[in-house]
Every structure is written in C-alpha cells, then in structure tokens.
Amino acid sequence: GTGAIFQVIVLIMRWIQNEEGKLSNSSVLAGIAVGMLIMYITSILV
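Encoded structure:
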C-alpha cells in the first residue's frame, strides 16, 4: 500500500538526484507530487 508507494518515490527521487544533481527544478517536484497523488488514488480504488 502506502509504504510501497513511498519506497518507489524515494527510489525515483534518488535516481533523479543522480541524473541531474539536484531536485530544485519545480517541474520535477510537481511531477513527483502529481505521480504520488495518482498512485495514492489508485491504491484507494484497488
């Protein structure tokens, strides 16, 4: 459930940090937030 979603988010954030060097780009943060919301809503529906 939520724990698995959180683990995926952490892994994605680490990967982005390694690729770009920082997470300060607002579009990256907005994309992560929207992705988290979609995964959370999907987990509620399933």
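Just so we're aligned: the sequence shown equals residues 1244 to 1289 in the working numbering.
A virtual CB, placed ideally from N, CA and C, is assigned to each residue, including glycine.
Model, not experiment: these values are computed from the prediction.
What is the DSSP secondary structure of Val-1251, counted as helix, strand or coil?
To locate residue 1251, count along the sequence shown from 1; it is residue 8. Note: Val-1251 maps to helix in three-state DSSP.
Helix, strand or coil for Val-1277? Go by DSSP, reduced to three states.
As a first step, residue 1277 is located in the sequence shown; it is residue number 34 there, counting from the start. Looking at Val-1277 - three-state DSSP - the assignment turns out to be helix.
For Ile-1255 and Ile-1275, which I take to be in contact (beta-carbon distance under 8 Å), what is that distance rounded to the nearest angstrom?
The sequence position of residue 1255 within the sequence shown is 12, counting from 1. The sequence position of residue 1275 within the sequence shown is 32, counting from 1. 7 Å between Cβ atoms; contact.
Measuring straight from C-alpha to C-alpha, what distance separates Val-1289 and Gln-1260?
By one-based count along the sequence shown, residue 1289 stands at place 46. By one-based count along the sequence shown, residue 1260 stands at place 17. About 31 Å.
Mapping DSSP to helix, strand and coil, what is Lys-1289?
The count along the sequence shown starts at 1 and reaches residue 1289 at position 46. In the sequence as presented, Lys is not what sits at residue 1289; that position holds Val. Reduced to three states, the DSSP call for Val-1289 is coil.
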